[in-house]
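Below is one structure; the comments refer to it alone.
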Amino acid sequence: MDMPTRVLPGSPTHPDYVLLQRGPQVLALEQALNPSVPYLHRVALTGGTVTPRSAALVAGWGERQVYEVDGIVGLPAEGDQLRPERRAVQLVPFADLMNGRVWIARADRMLSDPPAVTAFARASLSVVSLGLEPTADGQTPTDIAEFLTDEDPHSFCTVNPQDFGLANYLGSPRGRRGDPVWFAVMLRSPASISRIVFRHGAVSASGGWFDTTEAMPRIELARSPIPTSANGAVPDNSKVRWETAGVLEHYPRSRASTPPTLADGQLFELRLPQPLEVYGIRVIGRAGGDYASCAELSAYG
């Protein structure tokens, strides 16, 4: 049966990406079916009409449906840039996805650098919002943890230690102004990393920075698997063993009530003395003003 295919924009939260819908089904790139594609984050659709084709049955995939479309794939090349190449890529209905992604890059927005090992990984915040407050029209919410890993330096999330969150709902007391807050990224499987990049979010009169009066913001690593709640919904932070990797030495000195000079999305980097295998990373520091902000937290091999 011939089903209509639509290319749906990812805006406003994923403006550089689209998703492909065939009839009622959302299609997704499956890593196991694309072994020659090194980075699913660096796959784009070719221009023009997109028509998924039924692909031949794949060994180990049973009778499940596999589709094929023409795409552009970023392949390793000399230097730090990728080489775009046209080739067919395989997709499956989202319900059959084992390991992959639904978001496909727009051809005119496809990045040419290798992605971080943490790209689009699961993220968490020290205060987990209950989402009870509506977001004003025209404003982007800042409690979406996945903004930390979406490869977009213009999106950011914030943490206010005084906000009422999930932990408070479960009985913990609220935090106080200036308490330490953190932004964390978790990996499904361990990865070897040699440097971590923190991108500051945005400063306003009421907050958005780290207060360095007592200590500089620091990067911490989880060297063992990160436990989650019984239903797997949230990390069990009380059981995570975090090790300090270093501090962000070049972060500007600041006070609790005086914002530093910071550009939106400004980058700070920590290089490790040697590669380490990790399950997660986080940046932690005292909130400046009412809250701290983070646009990206990334780790690279």
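Quick note: the sequence shown uses the numbering used here, first residue 4, plus one each step.
Even for Gly, the Cβ is constructed at its ideal location relative to N, Cα and C.
- Rounded to the nearest angstrom, the Cβ distance from ALA126 to ALA187 is 7 Å, consistent with a contact under 8 Å.
- The Cβ-Cβ distance between VAL130 and ASP166 falls below 7 Å.
- Here ILE222 really is in contact with ALA248; their C-beta atoms are around 5 Å apart, less than 8 Å.
- For PRO228, same chain residues with a beta-carbon under 6 Å away, outside a window of 5 residues either side, are TYR282 in chain order.
- For the 7 Å CB-CB criterion, VAL184 and ALA295 form a contact.
- By the C-beta density criterion, ALA108 is buried, having at least 16 other C-beta atoms within 10 angstroms.
- About 5 Å separates the beta carbon of SER301 from that of THR121, a gap short enough to meet the 8 Å contact definition.
- In the DSSP assignment, the residues bridged to SER127 are ALA187.
- When the five nearest sequence neighbours on each side are left out, the beta carbons in the same chain lying within less than 6 Å of the beta carbon of PRO230 are those of ASP239 and LYS242, in order along the chain.
- By the criterion of at least three beta-carbon pairs nearer than 8 Å, the segment 97-108 is in contact with the segment 13-30.
- In the three-state reduction of the DSSP assignment, PHE271 falls in the strand class.
- Under the DSSP assignment, PHE213 falls in the beta strand (DSSP E) whose first and last residues are 210-214.
- Comparing alpha carbon positions, the residue from GLU33, ASP83 and ALA91 closest to ASP116 is ASP83.
- Per DSSP, SER39 lies in no beta strand (DSSP E) and is assigned neither H nor E.
- Looking at the backbone, the Cα of GLY51 and that of GLN68 are separated by about 24 Å.
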